[in-house]
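This report concerns only the one structure given below.
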Amino acid sequence: MAYKFVDNYREQGARKKLVNLLKEERKIEDTNLLDAIGKVPRHYFFDETFWSQSYRDIAFPIGEGQTISQPYTVAYQTQLLHVSEGDKVLEIGTGSGYQTCVLLELGASVYTIERQEKLYHRAKLFLSKMGYHPNFFLGDGSKGIPEHAPYDKILVTAGAPFVPEIMLKQLRIGGTLVIPVGDEKSQKMITIIRVNENDYERIELDTFRFVPLVGDQAW
676 MAYKFVDNYR EQGARKKLVN LLKEERKIED TNLLDAIGKV PRHYFFDETF
726 WSQSYRDIAF PIGEGQTISQ PYTVAYQTQL LHVSEGDKVL EIGTGSGYQT
776 CVLLELGASV YTIERQEKLY HRAKLFLSKM GYHPNFFLGD GSKGIPEHAP
826 YDKILVTAGA PFVPEIMLKQ LRIGGTLVIP VGDEKSQKMI TIIRVNENDY
876 ERIELDTFRF VPLVGDQAW
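Counting from 1, position 54 in the sequence shown corresponds to residue 729 in this note's numbering; the numbering is continuous, with no gaps.
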């Protein structure tokens, strides 16, 4: 896939319209998050042939059976995390790297893991060219990255059949996990807050449809 790093008035205008849609129609209220989305050139993640689709509020295929998430989904999940500057965030499922960039724009220290080798290498090279430098890992994200735990926030960008216990144990006390849980057709967005060493608060929210989370602790 060939990228031209062009961010002209047309793309800037389209990005502003997307941010306004998320704010006015989708009711995303986090102004820091909206600012972050407004800074990430989403069209860079598309072949130039499909730039006209890049600021629509839709998911789009990126190869290897994966998608770049719908902007609303990115905003919805990220808003639930309540990311503060300096937060240590584990992202399960790098994919295109778009969500990763939004987290970085919020000032997070991001640890991101991808199981698809082609997507891992593509995102690692591409984000570096864009000037984004998260901590990249190749492997089974359903197990988290225990060697770098604990994390302030954990974000899972694929649908899981259950909440992996191993992932919960990687949360810092007071930390938040956001994960879609359900079957292969639809999932409920779940927010889990680690209250203390052994107790967790679980909140079940809206229904979404994600690609499946694959691994030892998933499908």
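Note that CB positions come from ideal geometry on N, CA and C, so glycine has one too.
A quick note: this is a predicted structure, and the numbers were derived from the prediction, not measured.
Q. How do the stretch 761–774 and the stretch 791–799 stand: do at least 3 beta-carbon pairs fall below 8 angstroms, yes or no?
A. Yes, the stretch 761–774 is in contact with the stretch 791–799.
Q) Residue range of the beta strand (DSSP E) that serine 771 falls in? A) Counting along the chain, serine 771 sits inside no beta strand (DSSP E), nor does DSSP assign it H or E at all.
Q.
Below 8 angstroms, how does it come out for the stretch 753–771 and the stretch 698–713: are there three or more Cβ pairs, yes or no?
A. With three or more CB-CB distances shorter than 8 angstroms, the stretch 753–771 counts as touching the stretch 698–713.
Q) Roughly how many angstroms lie between the CA atoms of glutamine 687 and glutamate 872, to the nearest whole one? A) Rounded to whole angstroms, glutamine 687 to glutamate 872 spans 46 angstroms at the Cα level.
Q) In terms of residue numbering, what span does the beta strand (DSSP E) encompassing threonine 742 cover? A) In this chain, the beta strand (DSSP E) harbouring threonine 742 covers 741–743.
Q. Mind checking lysine 828: buried by the 16 CB within 10 Å criterion, or exposed?
A. That one is buried.
(Q) Based on DSSP bridge pairs, tell me the residues matched to lysine 863. (A) In the DSSP output, where bridge partners are listed per residue, lysine 863 has Val856, Thr882.
**Q.** Straight-line Cα distance separating isoleucine 848 from tyrosine 875
**A.** In this model, tyrosine 875 and isoleucine 848 are separated by some 9 angstroms (Cα to Cα).
Q.
Using the three-state DSSP reduction, which class does glutamate 699 fall into: helix, strand or coil?
A. Here glutamate 699 carries a helix assignment [DSSP, helix/strand/coil].
Q: Run the CB neighbour count on leucine 880, radius 10 Å, all protein chains shown included, and call it buried at 16 or more, exposed below.
A: Exposed.
Q | Helix, strand or coil at tyrosine 678 [DSSP, three-state] | A | Below a pLDDT of 50, predicted positions are generally treated as unreliable, and tyrosine 678, at 45, falls in that range; no measurement from the model is reported.
Q | Residue(s) in a DSSP beta bridge with threonine 766 | A | Note on identity: in this sequence residue 766 is glutamate, with threonine being the wrong assignment. Answer is Thr787, Leu830.
**Q.** Where aspartate 891 sits in the DSSP three-state scheme
**A.** In the structure shown, aspartate 891 sits in coil (DSSP, three-state: anything other than H, G, I, E or B).
**Q.** Helix, strand or coil at leucine 781 [DSSP, three-state]
**A.** Correct three-state label for leucine 781: coil.
Q) Distance, Cα to Cα, valine 838 vs glycine 816? A) Here the alpha carbons of glycine 816 and valine 838 stand approximately 13 angstroms from one another.
Q | Inter-residue spacing [alpha-carbon to alpha-carbon] between glycine 806 and lysine 799 | A | Here the alpha carbon of glycine 806 sits roughly 11 angstroms from the alpha carbon of lysine 799.
Q: Assign valine 870 to buried or exposed, taking buried as 16 or more other Cβ atoms, counted over all protein chains shown, within 10 Å of its Cβ.
A: That one is exposed.
Q.
Between Leu697, Leu779, Phe725, Ser744, which has its C-alpha nearest phenylalanine 811's C-alpha?
A. When only C-alpha atoms are compared, the closest one is Leu779.
Q | proline 736, DSSP secondary structure in three states | A | Proline 736: strand per DSSP, three-state reduction.
Q: Return the chain-ordered list of same chain residues with a C-beta closer than 8 angstroms to the C-beta of glutamine 745, the five sequence neighbours on each side being excluded.
A: Once the five neighbours on either side are set aside, the close Cβ partners of glutamine 745 are Asp732, Ile733, Ala734.
Q: Locate the beta strand (DSSP E) running through phenylalanine 720, then write down its first and last residues.
A: Phenylalanine 720: not part of any beta strand (DSSP E); DSSP gives it neither H nor E.
**Q.** Distance, leucine 830 Cα to histidine 757 Cα
**A.** Distance between the alpha carbons of histidine 757 and leucine 830: 11 angstroms.
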